[in-house]
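Shown next, in the form of structure tokens:
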């Protein structure tokens, strides 16, 4: 409980500083109180991300510091803007997606490639790259985030049989 109180204080301070939930998590907050309770570290890590997102949403409301929520932008509009940046070339999206995946940022890569596929729906290399990105996300979340694991598993069209 003390660790969550400490985390709540970190999130509150970061909200005042204009940081997003992703910014908070990038800082990888691990309260000092957990040093004396190693058995509590894993449960804390499992719930930390959801806790940060929930506290952030409850305290910030609909409009975020980065402008999200103020003027909704559709996925199609965003994809068209990205396509302008890519010069209308699917290869530019694929190169960016590959680099993001190689850097260990599959969630960002998925957003880029999903936008690309809205503008270039019949591009086989983009579809293949999306599959590899989804597999990377399934692997990343299989141990610590069962909901994200199930979400990406579904997007990838995978079926994982129960153990036993």
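In the working numbering, the protein residues as written are 20 to 183. Even glycine gets a Cβ: it sits at the ideal position worked out from N, Cα and C.
Reducing DSSP to helix, strand and coil, say where residue i ends up.
| i | result |
| --- | --- |
| residue 200 | With the chain covering 20 to 183 only, the question about residue 200 has no answer from this structure. |
| residue 229 | Residue coverage of the chain in this structure runs from 20 to 183, which leaves residue 229 outside it and unanswerable. |
| residue 5 | Residue 5 lies beyond the stretch modelled for the chain, which goes from 20 to 183, so this question has no answer here. |
| residue 180 | coil |
| residue 46 | coil |
| residue 98 | helix |
| residue 51 | helix |
| residue 106 | coil |
| residue 56 | coil |
| residue 124 | coil |
| residue 20 | coil |
For residue i, is the beta carbon positioned less than 6 Å from some heavy atom of the ligand MG?
| i | result |
| --- | --- |
| residue 39 | No copy of the ligand MG appears in this structure; indeed no ligand is present at all. |
Relative to the C-alpha of residue i, which candidate in the options has its C-alpha closest?
| i | options | result |
| --- | --- | --- |
| residue 50 | 60, 74, 41 | 60 |
| residue 150 | 71, 177, 98 | 177 |
| residue 132 | 152, 20, 122 | 152 |
| residue 44 | 181, 21, 55, 27 | 27 |
| residue 124 | 155, 62, 101 | 155 |
| residue 33 | 79, 55, 52, 57 | 79 |
| residue 86 | 38, 118, 121 | 38 |
Could you give the residue range of the alpha helix (DSSP H) that holds residue i?
| i | result |
| --- | --- |
| residue 81 | No alpha helix (DSSP H) contains residue 81, which DSSP labels as neither H nor E. |
| residue 37 | That residue, residue 37, is in no alpha helix (DSSP H); it is neither H nor E in DSSP. |
| residue 141 | Unbroken run through residue 141: none, as it is neither H nor E. |
| residue 117 | 109–121 |
Could you give the C-beta distance for residue i and residue j, rounded to a whole number, given that I count them as a contact under 8 Å?
| i | j | result |
| --- | --- | --- |
| residue 113 | residue 144 | 5 Å |
| residue 63 | residue 126 | So it is not a contact: roughly 22 Å between Cβ atoms. |
| residue 175 | residue 157 | 6 Å |
| residue 48 | residue 35 | The pair is not a contact, with the Cβ atoms about 15 Å apart (cut-off 8 Å). |
| residue 116 | residue 148 | 5 Å |
Pairing CB atoms from the stretch 60–72 with CB atoms from the stretch 81–90, are three or more of them under 8 Å? no
At least three beta-carbon pairs within less than 8 Å, the stretch 130–149 to the stretch 157–171: no
Mind the definition here: the stretch 73–82 touches the stretch 101–110 only if three or more C-beta pairs lie below 8 Å; say whether that holds. no
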